[in-house]
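Numbering (the working numbering), first residue to last: 5 to 283. Here a beta-carbon is modelled for each residue, glycine too, at the ideal position from N, C-alpha and C.
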């Protein structure tokens, strides 16, 4: 456009007919090319298999018992899961479980250059280090969106610590407010299992919880387009017929610890919450 302006000035100085139309013509071409690219780029990328119809990638920060168990459950449901941790030995369990891993700090120049985010739709910060979880969510929120990053409450987290963040930096806790990494780890080590159930017209989320006698704790919802939508501390996905629910199913003897506030038991009435925004 700048060069075209110089040519236009020279053409006008030489009294060349139509010279004044050069700049508008160039700008029209630029605008048209941008619009055409915007409308056709994704369609062509999908046709040439250079992009995914629905991103299925999930990055999980951490490699303890809980991240590995959730990663394996998500992989079983068809998601492309990568566990990220700076502890090489801790990643062994994930690798032995057939999960992809990234060795390094999740917030670093190395991660920015070597951690492939193509096809990634969700980041779940589930390490036992609260500061790392928060930094990971804040760092990748610009890439994945505010509804693409989530953190699991750790045993060190407190509501007052969360409230020290300004409104634009706050993020919801994964799952129920009463659930933290230690709660989930204790449940899994005591025999709890992560199972996926499909909802139907005659089998709702409330039915799932009621039939489990409150021993099923919803973790994620998967809509018919295979979008992963976590249950959070302040919202619940609008799950309905055709959706899948991934839940932690407690053993009855494990749930007995709920009275001691170690493992929460979900009441059937809690199955009706406010809808979460989908992306």
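Quick check: what's the CA-CA separation for residue 19 versus residue 122?
C-alpha separation (whole angstroms): 53 Å.
Any contact of the stretch 198-209 with the stretch 151-158, i.e. 3+ C-beta pairs under 8 Å?
No, they do not touch.
Please say whether residue 196 and residue 253 have beta carbons closer to each other than 9 Å?
Yes, the pair counts as a contact, with Cβ atoms nearer than the cut-off.
Please go through the stretch 85-133 and give each complete alpha helix (DSSP H) segment of 4 or more residues, from N-terminal end onward.
Counting whole runs of 4 or more residues, the stretch 85-133 contains the alpha helix (DSSP H) stretches 95-100 and 113-118.
Locate the alpha helix (DSSP H) running through residue 183, then write down its first and last residues.
For residue 183, no alpha helix (DSSP H) segment is defined, and its DSSP state is neither H nor E.
By a C-beta neighbour count over all protein chains shown, 10 Å radius and 16 as the cutoff for buried, is residue 162 buried or exposed?
Any answer about residue 162 is weak, because its pLDDT of 48 lies below 50 and its placement is not dependable; what the coordinates show is given next. Result: exposed.
Option nearest residue 28 by Cα separation, candidates 73, 6, 107 and 43:
Checking every option, the nearest Cα to that of residue 28 belongs to 6.
Going along the chain, which residues of its own chain have a beta-carbon closer than 8 Å to the beta-carbon of residue 102, five neighbours each way excluded?
Same-chain partners within the cutoff: 76 and 79.
Going by DSSP, what residue range makes up the beta strand (DSSP E) through residue 9?
For residue 9, no beta strand (DSSP E) segment is defined; the enclosing uninterrupted segment is the alpha helix (DSSP H) at 6-17.
Taking the CB atoms as reference points, tell me whether residue 126 and residue 234 lie closer together than 9 Å.
In terms of Cβ geometry, residue 126 and residue 234 form a close pair [threshold 9 Å].
Give the straight-line distance between the Cα atoms of residue 43 and residue 151, rounded to the nearest whole angstrom.
Roughly 25 Å between the two C-alpha positions.
Nearest residue (CA-CA) to residue 58, options 47, 67 and 17
Of the candidates 47, 67 and 17, the one whose C-alpha sits nearest the C-alpha of residue 58 is 47.
If we require 4 or more residues per run, which alpha helix (DSSP H) segments fall completely within the stretch 179-240?
Counting only runs of 4 or more, we get 185-193 and 209-215.
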